[in-house]
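Each remark here refers to the structure printed beneath this line.
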Amino acid sequence: MVVPEQGQARKKRRSNGSADAHAAAEKRKQIDAERRQLPAWAARDRLLELLQQHRTLVLVGETGSGKTTQIPQFLLNARFGPTKSGSAATAATNGPAAAATEEGQAPQPASTSGRNHNGSGNVIAVTQPRRVAAMTVARRVAEEMGTPLGQQVGYAIRFEDITSPSTRIKYLTDGLLLREALLDPLLSRYRVVIIDEAHERTVHTDVLFGLLKGVQARRGDDFRLIVMSATLDAARFVDYFPGAVAALIRGRQFPVQVMYTARPEDNYLDAAINATLQVHADEGEGDILVFLTGQDEIDSAERLLKDRLAALPRFDGTAPGAGAGGGEGGTSGGAEEGAAAAVAAAGAAASRRELLVLPIYAALPPEQQMKVFEPAPPSFRKAILATNIAETSITIPGVRFVIDTGHVKSRDYNARLGLESLAVVPVSQAQARQRSGRAGREGPGKAYRLYTEADFGQLEATTPPEITRCNLSSVVLQLKAMGIDDVVNFDFMDPPPKTAVLRSLELLYALGALDPAGKLTPGIGARLARLPVDPMYGRVLLAAAEMGCGVEAVAVVAMVAAENVFHMPRQKEREWRAARLKFVSREGDHITLLHVFRGFREIPKENNKARTTWCSDNFINIRALRKAEDIYDQLVRCLGHPSPPGLGLPLSSCMGGLASATAAAGGLAGVGGGGGGTEDTTPLRRALTAGLFPHAARLQPDGSYRVIATGRQVFLHPSSVLLERKPDCLVFNELMHTTRTYAREALAIEARWLPELAPAFFAAKAGAAVGAAS
Ligand code: ADP
Ligand code: MG
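First residue of the sequence shown: 1, per full-length UniProt numbering; consecutive thereafter.
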C-alpha cells in the first residue's frame, strides 16, 4: 500500500548534484550493456513475433537467461505494453498523485488502477511463487529502467502494494493474482499475464492455469498469456493451453563438477559449514552459494560460520579450512551431467581472501536482501546462505561453488488427517540439478552435494505439484466464490486428490462458508472469500466482530501473520525468557502476542527511536511488529470499510482497546490498555476457537496432546508459553515436524465451547452431506 510520493522523488532526483547524475548514468550504461548480453536478448524479436501470432507462449529458458527481468520490458517497449504509447518515459508521467493516494487506501489490492479509457487494461502482470522474488526482481527492473520503484514498475504481495496508477509492469505473487481474479474475473486490467516459474507448480499457479484458460476463451485477442519455466517440460503446458507454442531461450551453461560425500552426514548444517570453509580455503575465485532450509537455520549457520572464521589463523599461507573441516568433508568426485573435471586449486592465494557471509530469505529486510547481488569487495569472497529462493527465482551473479544440503522446507498435507504441516524434507533430483546448475552460470563450477551418490539415486525424480499435497480450503473457497461450484471437475492440469478436495469442502462447511449443498453461503462464505487470510482465521475475525472483540482478534491474526515476532538468540536464552515474562499470558501464545502488540502500539509511531529501543530491550523483532501493524491496519480497513471489497463490519474491543494509534487508524474509541490489570479474555478466546476448532487438542496423561478431529498425537512446541502449565484443552495455529510433531502457538480454551461454537464439526458424521453433494 505504500505508494512513493512521485512528485517529491522526481524533484529530488533532478535537483541532485551532477556528480550523482553522472554516476547514475554510468551505472545504467553498465547495466544496459549487461542486459544486452543476456540470452533473452538474442531471442527478443522472435519472441515478439510469436506473440503476435499466438495467444499463449510457453517460454523455456535456463535460470539467469533474462526471462523474468527482460521479457516484460520487451513487451512494454513493443506493442504489448500500453496501447497508446510504448515509451517508458511518457508512461511515467501519467499518474496523478491524488489517484495514487486513493489506490494506497483501498482495502484490497484490486481497484481500477492501470485501466485505460477503453476499459481494457494495459498492465503486464508477472507472477512469482515467492514474495522475495517479486520484490527483488521489481526493484532490479525499476533500476534497469531508471524509474523509482512503484511507478512504472512495481510489485504487490499480500499486505503490501507498491504500485501506482502509472504502473505498467507489475510483479506479484501468484496467490495475489488469484485474489484479484475474485473481484475482476476477466483480469481486465492486464494486457499480458506472465506466469513465471511455472515449473514450480505451486497450488496458486495451478489454479491460475485453469482460470486463465477461461479468461483467454472470453477475452480473445485482447489478451496474451506467457508461461515461463526453467525446466524443459514445455510439452505439458503446450498440451494444456489450446493453440499454445513453445519457444526455447538458448542459455549458456558451463560444466559443473558434482561431488558427493563418501558417507551420509549426521548433521547437514555442520557439514555445510565445514564444506563452506573448505571451499573457501582450497578453491580459487568465485562466490559460494549454500542451500539451507529456512531462516532459523540460516541465522545459526551465519553465526557459526562467523565464529569459526574468527577462530581461524589468518594470512599465514596455510590452508586453515582444511584443518577446520575436521576431515569430515571427504568428497568423492563422481562426475555427473557431463562435467569437466579440471579446476585448478588456488590454495594459498585463496586462503588470503576474506569471507563475506550474506543471508537471503523471505523475512530479511529488503536492503539486506539486495546485498547478495552486489559484487564482493576486491579481497573478499561471498558466501551466500540461501533458502531455495536461490534455486530458480533469483540469480546471484558471481557464484562458482554450490553447496547443497539436499534439504528443503516443504508444505505437506495429510488429507486423511486433514492436517497441513511444514517439514524439512529431502529435495528431488530435479531440484538438486537446479541447485548444482547455479554454479555454472559464468564459468565452470563445482557443486558439493552433502549426501552420497547412492542417496541421490533414492531421491524422487521431481517434486510433485503442490496442489497434490496441500490444504485446499482457501483455494476451494475462492473457486466457489468465483462461481466454480464443481471443484472436483475443475480443469486442473493435475487434479488434487479427491480426499483433499472433500476435506476442504467439509472444513468450509463446518466454518459456515458452504451450505449443505456445497454452495457458497452469502453471509459467511462470501465474506471469508474476501478476507486476505486463511478461512480459519477469517472465521475468527467474523466471529470476533460479532462477539465484540474484533480489535483484539485482528491484532492477534496480524501478529500471527507477521511471523517471527520474538528474537530468541540461543546464547541469551535466559535473558529473552525473562524479557518475555512481561507479556506472557497463562492463557496462551495468542494472548501473549496481543500483549506484545499492545505494548508496541502504546509507543507512538512517530517515536521511532523509543520503539526501536523497546523492541531490542524485549528481544522483539521490530520488523515483524511493523509488519503486524501494517497488516492490522489493512485488516481493520478490510473488515470495516462500508463498501466492497470491505465487509462493513464495525469492530469493537472487549479489553479496553489498543493504544491511541488504533483510535486514529480505525476510528475506535480506545484507551491505552497496558498489559496489567485484570482482563477478561474469554470473548477473544471463544472467537479464536470459532475458527481454529479443527486444530483443537486434548491433554493426554503422558503430557502430549491428541488432536480431537483426527486423533493424532502432537506435542506442545518448546517455545509455547503454555509449556509450564499445560491446559486440558487447547487450539493451535499449525503443526511442525522435526523429530516429532509439534503444535506451534497454542491457546488454552474450554472443551465445552467446541460443540457450542462448531456444532456441525463436532456432531458425528458432520460434512458427509457436503462430500456427497459434490
Ligand atoms: P531468469 O528469469 O531467466 O532466471 P533473470 O531475468 O532473473 O533470469 O536474470 C537475468 C540476469 O540479471 C541474471 O543473470 C542476473 O545476473 C541479473 N540480475 C537479476 N536480478 C539482479 C539483481 N537484483 N541485481 C543484479 N543482477 C541481477
Ligand atoms: Mg526468473
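Cβ coordinates follow ideal geometry from the N, Cα and C atoms, glycine included.
Beta-carbon proximity check, residue i vs residue j, cutoff 8 Å
| i | j | result |
| --- | --- | --- |
| Gly-588 | Leu-730 | yes |
| Arg-353 | Arg-381 | yes |
| Pro-72 | Ile-195 | no |
| Phe-597 | Met-559 | yes |
| Glu-197 | Ser-393 | yes |
| Gly-691 | Arg-539 | yes |
| Leu-149 | Ile-162 | yes |
| Ala-246 | Val-60 | yes |
| Ala-383 | Thr-293 | no |
| Ala-234 | Val-58 | yes |
| Ser-719 | Gln-713 | no |
| Gly-286 | Val-399 | yes |
| Ile-124 | Leu-75 | yes |
| Pro-694 | Met-547 | no |
| Ile-360 | Ile-389 | yes |
| Gln-216 | Arg-441 | no |
| Pro-366 | Arg-623 | no |
| Ala-430 | Thr-463 | yes |
CA-to-CA distance, residue j to residue i, given in whole angstroms
| i | j | result |
| --- | --- | --- |
| Leu-541 | Leu-502 | 24 Å |
| Tyr-190 | Arg-168 | 9 Å |
| Phe-254 | Thr-741 | 42 Å |
| Val-557 | Glu-563 | 10 Å |
| Arg-219 | Arg-586 | 56 Å |
| residue 831 | Thr-202 | Because the chain spans 1 through 774 in this model, residue 831 falls outside it and cannot be assessed. |
| Gly-677 | Ser-653 | Because Gly-677 carries a pLDDT of 47, less than 50, the predicted location of this residue cannot be relied on, and no value is offered for it. |
| Glu-745 | Val-141 | 39 Å |
| Gly-114 | Lys-170 | Annotation note: pLDDT 42 at Gly-114 (below 50); position unreliable, coordinate value reported separately. If you take the alpha carbons of Gly-114 and Lys-170, they lie about 10 Å apart. |
| residue 779 | Arg-224 | Lying outside 1 to 774, the shown extent of the chain, residue 779 is not represented and no answer is given. |
| Cys-549 | Thr-173 | 32 Å |
| Lys-213 | Gly-243 | 11 Å |
| Thr-63 | Thr-689 | 45 Å |
| Ala-21 | Arg-577 | 50 Å |
| Phe-762 | Lys-609 | 49 Å |
| Leu-450 | Gln-368 | 27 Å |
| Met-259 | Lys-446 | 8 Å |
| Ala-310 | Val-721 | 36 Å |
| Asp-491 | Lys-498 | 14 Å |
| Arg-570 | Arg-36 | 47 Å |
| Val-153 | Pro-727 | 51 Å |
| Tyr-413 | Gln-700 | 24 Å |
| Leu-358 | Val-372 | 6 Å |
| Thr-468 | Tyr-240 | 18 Å |
| Gly-443 | Gly-251 | 13 Å |
| Cys-470 | Ala-500 | 8 Å |
| His-199 | Asp-45 | 24 Å |
| Gln-27 | Pro-397 | In the sequence on display, residue 27 carries Lys and not Gln. So the two alpha carbons sit approximately 16 Å from each other. |
| residue 782 | Ser-164 | A question about residue 782 goes unanswered here, because the residues of the chain that appear run from 1 up to 774. |
| Asp-680 | Leu-594 | 13 Å |
Nearest residue (CA-CA) to residue i, options the options
| i | options | result |
| --- | --- | --- |
| Thr-261 | Pro-495, Gly-599, Glu-506 and Thr-405 | Thr-405 |
| Ala-301 | Lys-382, Ala-272 and Ala-311 | Ala-272 |
| Lys-409 | Val-427, Phe-401 and Gly-398 | Val-427 |
| Pro-129 | Tyr-155, Leu-149, Gly-146 and Met-145 | Tyr-155 |
| Arg-435 | Met-482, Lys-480 and Leu-385 | Leu-385 |
| Asp-485 | Leu-450, Gly-703, Met-493 and Gly-518 | Gly-518 |
| Glu-265 | Asp-633, Lys-67 and Thr-452 | Thr-452 |
| Ala-545 | Leu-684, Gln-478 and Ala-133 | Leu-684 |
| Phe-237 | Phe-209, Ser-474 and Val-258 | Phe-209 |
| Leu-176 | Glu-160, Ser-188 and Ser-166 | Glu-160 |
| Pro-759 | Leu-507, Pro-650, Asn-267 and Pro-645 | Leu-507 |
| His-590 | Phe-566, Arg-712 and Gly-711 | Phe-566 |
| Ala-25 | Gly-146, Arg-131, Leu-248 and Arg-139 | Gly-146 |
| Ala-748 | His-737, Thr-739 and Phe-732 | Phe-732 |
| Gly-512 | His-280, Leu-364 and Ala-543 | Ala-543 |
| Cys-615 | Asp-630, Gly-599, Glu-629 and Glu-606 | Gly-599 |
Chain B contact for residue i (CB, 8 Å cutoff)
| i | result |
| --- | --- |
| Thr-462 | Here chain B cannot be found, since the structure has a single protein chain. |
Ignoring anything shorter than 3 residues, give me the beta strand (DSSP E) runs that lie fully in the segment 188 to 267, in order along the chain. Counting only runs of at least 3 residues, the segment 188 to 267 fully encloses the following beta strand (DSSP E) elements, listed from N- to C-terminal order: 190 to 195, 224 to 229, 245 to 249 and 256 to 261.
Beta strand (DSSP E) runs wholly inside the segment 721 to 751, at least 3 long, in chain order: Qualifying beta strand (DSSP E) stretches, in chain order: 729 to 737 and 741 to 748.
Considering only residues of the segment 372 to 454, which uninterrupted alpha helix (DSSP H) runs meet the minimum length of 4 residues and lie entirely inside it, listed in chain order? Secondary structure within the segment 372 to 454: the alpha helix (DSSP H) runs of 4 or more consecutive residues, fully enclosed, are 429 to 437 (chain order).
Tell me the start and end of each unbroken beta strand (DSSP E) in the segment 554 to 593 that is at least 3 residues and wholly inside, in chain order. Within the segment 554 to 593, not a single complete beta strand (DSSP E) segment reaches 3 residues in length.
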